[in-house]
Amino acid sequence: DTAVSQTPKYLVTQMGNDKSIKCEQNLGHDTMYWYKQDSKKFLKIMFSYNNKELIINETVPNRFSPKSPDKAHLNLHINSLELGDSAVYFCASSQAQGQETQYFGPGTRLLVL
Amino acid sequence: LAKTTQPISMDSYEGQEVNITCSHNNIATNDYITWYQQFPSQGPRFIIQGYKTKVTNEVASLFIPADRKSSTLSLPRVSLSDTAVYYCLVSGGYQKVTFGTGTKLQVIP
Numbered sequence: 158d159t160a161v162s163q164t165p166k167y168l169v170t171q172m173g174n175d176k177s178i179k180c181e182q183n184l185g186h187d188t189m190y191w192y193k194q195d196s197k198k199f200l201k202i203m204f205s206y207n208n209k210e211l212i213i214n215e216t217v218p219n220r221f222s223p224k225s226p227d228k229a230h231l232n233l234h235i236n237s238l239e240l241g242d243s244a245v246y247f248c249a250s251s252q253a254q255g256q257e258t259q260y261f262g263p264g265t266r267l268l269v270l
Numbered sequence: 026l027a028k029t030t031q032p033i034s035m036d037s038y039e040g041q042e043v044n045i046t047c048s049h050n051n052i053a054t055n056d057y058i059t060w061y062q063q064f065p066s067q068g069p070r071f072i073i074q075g076y077k078t079k080v081t082n083e084v085a086s087l088f089i090p091a092d093r094k095s096s097t098l099s100l101p102r103v104s105l106s107d108t109a110v111y112y113c114l115v116s117g118g119y120q121k122v123t124f125g126t127g128t129k130l131q132v133i134p
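Structure below.
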């Protein structure tokens, strides 16, 4: 059983398009996250949701909009994709916010052409 | 936010003990220190977590001095499969989730 799953695994698209990445966790966790890992391997948090409520919203362009239909899902929608959005996007979950262990998904590799 | 600093890379021979240090000078009272391991094309995976002094599990040990401004991850007798990037994370309450730059460990046969 996959604890944290993401779809799609790979996403290649043109500049200006709108795309979504889906994330689901079956761990019963209350908190979910989106991270961006760039080509230099820096892992930066983008958003954090606790029980469907937005907790952390780092300095991310408005083109990025997370949506949490229930606490087991946290989707990431990206409007008007730019070249600089190319990266690996990781979803993660934890039992609660703070020092709780985070469980990461396999990542979605986004390439914007 | 408690910023963390780690060496960019380290090399080690198989069978040796590896120590990776992370600096977090601005760590807050309620912050914990967590280390993650990341293999290529995979998401990070939890290794160990601590608040102070020493923590040991079946994979690694974590040493935290009294001032908590740094921490050292110790991997005993590394093997080739330990080649990965190791991240130090300092986190506590809300709005405090900061990953370090990561240390790329290369284990040499």
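Protein chains in written order, with this note's numbering: chain A, 158 to 270; chain B, 26 to 134.
Even for Gly, the Cβ is constructed at its ideal location relative to N, Cα and C.
These figures come from a predicted structure and were not determined experimentally.
Discussion item. For alanine 160 of chain A, count the other beta carbons within 10 Å of its own beta carbon; 16 or more makes it buried, fewer makes it exposed. Which is it?
Written reply: exposed
Discussion item. Taking only three categories from DSSP, how would you classify leucine 184 of chain A?
Written reply: coil
Worksheet item: Can you list, in chain order, the residues of its chain whose CB lies under 7 Å from that of asparagine 207 of chain A, leaving out five sequence neighbours each side?
Response: For asparagine 207 of chain A, same chain residues with a beta-carbon under 7 Å away, outside a window of 5 residues either side, are Asp187, Thr188, Gln254 in chain order.
Fill in: threonine 126 of chain B vs isoleucine 33 of chain B beta-carbon contact at 8 Å
yes
Discussion item. Can you check whether the C-beta of aspartate 223 of chain A is within less than 8 Å of a C-beta belonging to chain B?
Written reply: Checking the sequence shown, residue 223 of chain A turns out to be proline, not aspartate. Chain B has no Cβ within less than 8 Å of the Cβ of proline 223 of chain A.
Discussion item. Just to confirm my understanding: we take threonine 258 of chain A, look at its own chain, exclude 5 residues before and 5 after, and list those with CB closer than 8 Å. What are they?
Written reply: Ser251, Gln252
Worksheet item: Which of the three DSSP states, helix, strand or coil, is assigned to leucine 240 of chain A?
Response: DSSP places leucine 240 of chain A in helix when its eight states are reduced to three.
Worksheet entry | Closest Cα partner of valine 84 of chain B within the set B:Cys47, B:Gln31, B:Ser96, B:Trp60 | B:Trp60
Worksheet item: Which one of A:Lys197, A:Gly241, A:Tyr246 has the shortest CA to CA distance from serine 223 of chain A?
Response: Checking the displayed sequence, the identity of residue 223 of chain A turns out to be proline instead of serine. Proline 223 of chain A has its Cα closest to that of A:Tyr246, out of A:Lys197, A:Gly241, A:Tyr246.
Discussion item. What residue range does the beta strand (DSSP E) around serine 196 of chain A cover?
Written reply: Unbroken run through serine 196 of chain A: none, as it is neither H nor E.
Worksheet item: Sorted by chain position, which residues of the same chain lie with C-beta nearer than 7 Å to phenylalanine 124 of chain B's C-beta, five sequence neighbours on each side aside?
Response: Tyr112, Leu114
Discussion item. Determine whether the beta carbon atoms of isoleucine 202 of chain A and isoleucine 212 of chain A lie at a separation below 8 Å.
Written reply: No, Cβ-Cβ distance for isoleucine 202 of chain A and isoleucine 212 of chain A is not below 8 Å.
Discussion item. So for serine 177 of chain A, helix, strand or coil by DSSP?
Written reply: strand
Worksheet entry | the region 232-239 of chain A in contact with the region 172-191 of chain A per 3-pair CB rule at 8 Å | In short, these stretches touch, since the Cβ pair count reaches three.
Fill in: Segments of 3+ residues assigned as beta strand (DSSP E) that fall wholly inside the region 64-109 of chain B
70-75, 78-81, 86-89, 95-100
Worksheet item: So, is valine 169 of chain A buried or exposed, given that buried needs 16 or more other C-beta atoms within 10 angstroms?
Response: exposed
Fill in: Where isoleucine 52 of chain B sits in the DSSP three-state scheme
Coil.
Item to complete: Work out the CA separation of glutamine 67 of chain B and asparagine 183 of chain A for me, nearest whole Å.
Response: If you take the alpha carbons of asparagine 183 of chain A and glutamine 67 of chain B, they lie about 18 Å apart.
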